[in-house]
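Sequential numbering from 1 applies to the sequence shown in the numbering used here. Where is the CB? At the ideal position from N, CA and C, for every residue including glycine.
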Amino acid sequence: MKLKPTPDQTITLKSPREIEIMREAGRIVAGIVLELKRAARPGMTTAELDRIAADLMKRHDAVSTAKGYFGFPGYICVSVNNQVVHGIPGPLKLRQGDLVKVDVAASYRGYVGDTAASFTVGPPSPQAERLMRVTEEALFRGIEQARPGNRIGDISHAIQKHVEANKLSVVRDFVGHGVGRSMHEAPQVPHFGPPGKGRLLVPGMVIAIEPQVNLGQPGVRILEDGWTAVTLDGSLSAHFEHTVAVTEDGPQILTLP
Ligand code: MG
Numbered sequence: 001m002k003l004k005p006t007p008d009q010t011i012t013l014k015s016p017r018e019i020e021i022m023r024e025a026g027r028i029v030a031g032i033v034l035e036l037k038r039a040a041r042p043g044m045t046t047a048e049l050d051r052i053a054a055d056l057m058k059r060h061d062a063v064s065t066a067k068g069y070f071g072f073p074g075y076i077c078v079s080v081n082n083q084v085v086h087g088i089p090g091p092l093k094l095r096q097g098d099l100v101k102v103d104v105a106a107s108y109r110g111y112v113g114d115t116a117a118s119f120t121v122g123p124p125s126p127q128a129e130r131l132m133r134v135t136e137e138a139l140f141r142g143i144e145q146a147r148p149g150n151r152i153g154d155i156s157h158a159i160q161k162h163v164e165a166n167k168l169s170v171v172r173d174f175v176g177h178g179v180g181r182s183m184h185e186a187p188q189v190p191h192f193g194p195p196g197k198g199r200l201l202v203p204g205m206v207i208a209i210e211p212q213v214n215l216g217q218p219g220v221r222i223l224e225d226g227w228t229a230v231t232l233d234g235s236l237s238a239h240f241e242h243t244v245a246v247t248e249d250g251p252q253i254l255t256l257p
């Protein structure tokens, strides 16, 4: 989500029962990401990926939380190559080697699962492979910090440290977020910043952690469609996201297929 200067600070904690429903929602969206990965091939449009996701949501009694969000027209976001996030599904045809990001968020029994992944159409170039690998590793470094007693900044710092150690850059314009009945709740979860700062993590918090990582510089701009974020320097970008519950037993990823 877009970084907001004065966000709502109210964190809604979830009961174990609510977390179990969120795990169901998470399983649905994670399954959709897998299907999209399998389906993507040269010549297919991003609108066709959107249609597949819409059909799967319907089959699982899940409702897209992207569709109609401030007027967003797609069921999912599909961003290709230098597009970072919030790409609108449409007539763009996938080509061999394209780096595709799908971001799938849907509500099931009143609770949201939110996940994103990057993949290539056909085998990745060495550059794309490294970018995707480091981004996903950084997500997991962040998830590892999502435990009681830590602070949001510990997640942020772990991600930034891993990305920059690999000479890549973290996008600053978008942040992770709390998830629950709404797709976007407090707290904001930046993917950069100093450790030991920000809100204390307590059991029952559920957050989406979603680093976007660029091969070049971190800057982005928004296209005329009002949604699609692209890298300022035209470089490739990758994005991975999981919805994670903070529990007494440590972090639990809710968006697994
Ligand atoms: Mg998402």
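Between the Cα of residue i and the Cα atoms of the options, which residue gives the shortest distance?
{"i": "residue 201", "options": "246, 127, 118 and 173", "result": "246"}
{"i": "residue 56", "options": "137, 68 and 34", "result": "34"}
{"i": "residue 213", "options": "241, 54, 28 and 107", "result": "241"}
{"i": "residue 250", "options": "148, 99 and 157", "result": "148"}
{"i": "residue 239", "options": "195, 175 and 257", "result": "175"}
{"i": "residue 107", "options": "24, 146, 123 and 140", "result": "24"}
{"i": "residue 11", "options": "41, 204, 230 and 215", "result": "204"}
{"i": "residue 244", "options": "192, 233, 220 and 146", "result": "146"}
{"i": "residue 78", "options": "20, 92 and 43", "result": "92"}
{"i": "residue 109", "options": "159, 48 and 180", "result": "180"}
{"i": "residue 129", "options": "199, 39 and 215", "result": "215"}
{"i": "residue 141", "options": "223, 125, 160 and 177", "result": "160"}
{"i": "residue 90", "options": "123, 80 and 20", "result": "80"}
{"i": "residue 252", "options": "45, 208 and 172", "result": "208"}
{"i": "residue 104", "options": "64, 22 and 158", "result": "64"}
{"i": "residue 178", "options": "222, 69, 164 and 199", "result": "199"}
{"i": "residue 97", "options": "112, 5 and 43", "result": "43"}
{"i": "residue 94", "options": "144, 164, 20 and 37", "result": "37"}
{"i": "residue 58", "options": "221, 69, 231 and 32", "result": "32"}
{"i": "residue 8", "options": "226, 27, 117 and 184", "result": "184"}
{"i": "residue 223", "options": "4, 48 and 85", "result": "85"}
{"i": "residue 266", "options": "101, 195 and 40", "result": "Residue 266 is absent from the model: the chain starts at 1 and stops at 257."}
{"i": "residue 248", "options": "206, 26, 218 and 217", "result": "206"}
{"i": "residue 121", "options": "5, 237, 26 and 39", "result": "39"}
Let me know the secondary structure DSSP gives residue i once reduced to three states.
{"i": "residue 229", "result": "strand"}
{"i": "residue 216", "result": "coil"}
{"i": "residue 120", "result": "strand"}
{"i": "residue 61", "result": "coil"}
{"i": "residue 113", "result": "strand"}
{"i": "residue 200", "result": "strand"}
{"i": "residue 162", "result": "helix"}
{"i": "residue 191", "result": "coil"}
{"i": "residue 96", "result": "coil"}
{"i": "residue 71", "result": "helix"}
{"i": "residue 127", "result": "helix"}
{"i": "residue 156", "result": "helix"}
{"i": "residue 179", "result": "coil"}
{"i": "residue 37", "result": "helix"}
{"i": "residue 174", "result": "strand"}
{"i": "residue 251", "result": "strand"}
{"i": "residue 138", "result": "helix"}
{"i": "residue 88", "result": "coil"}
{"i": "residue 24", "result": "helix"}
{"i": "residue 241", "result": "strand"}
{"i": "residue 146", "result": "coil"}
{"i": "residue 55", "result": "helix"}
{"i": "residue 76", "result": "coil"}
{"i": "residue 8", "result": "coil"}
{"i": "residue 30", "result": "helix"}
Rounded C-beta distance between residue i and residue j? I'm assuming under 8 Å.
{"i": "residue 82", "j": "residue 235", "result": "6 Å"}
{"i": "residue 99", "j": "residue 134", "result": "Incorrect: roughly 13 Å between the Cβ atoms, too far for contact."}
{"i": "residue 71", "j": "residue 228", "result": "At roughly 14 Å, the Cβ-Cβ gap does not stay under 8 Å, so residue 71 and residue 228 are not in contact."}
{"i": "residue 136", "j": "residue 162", "result": "Incorrect: roughly 10 Å between the Cβ atoms, too far for contact."}
{"i": "residue 30", "j": "residue 257", "result": "4 Å"}
{"i": "residue 156", "j": "residue 192", "result": "6 Å"}
{"i": "residue 74", "j": "residue 66", "result": "6 Å"}
{"i": "residue 46", "j": "residue 255", "result": "The Cβ separation is near 21 Å, so there is no contact."}
{"i": "residue 22", "j": "residue 113", "result": "6 Å"}
At a cut-off of 7 Å, would you count residue i as near the ligand GDP, judging by its Cβ distance to the nearest heavy atom?
{"i": "residue 208", "result": "You won't find the ligand GDP in this model; what it holds is the ligand MG."}
Any contact of the stretch 147-156 with the stretch 187-198, i.e. 3+ C-beta pairs under 8 Å? With the cut-off at 8 Å, the stretch 147-156 and the stretch 187-198 touch.
Count the CB pairs spanning the stretch 12-23 and the stretch 49-67 that are closer than 8 Å, and state whether there are at least three. In short, these stretches do not touch, since the Cβ pair count stays below three.
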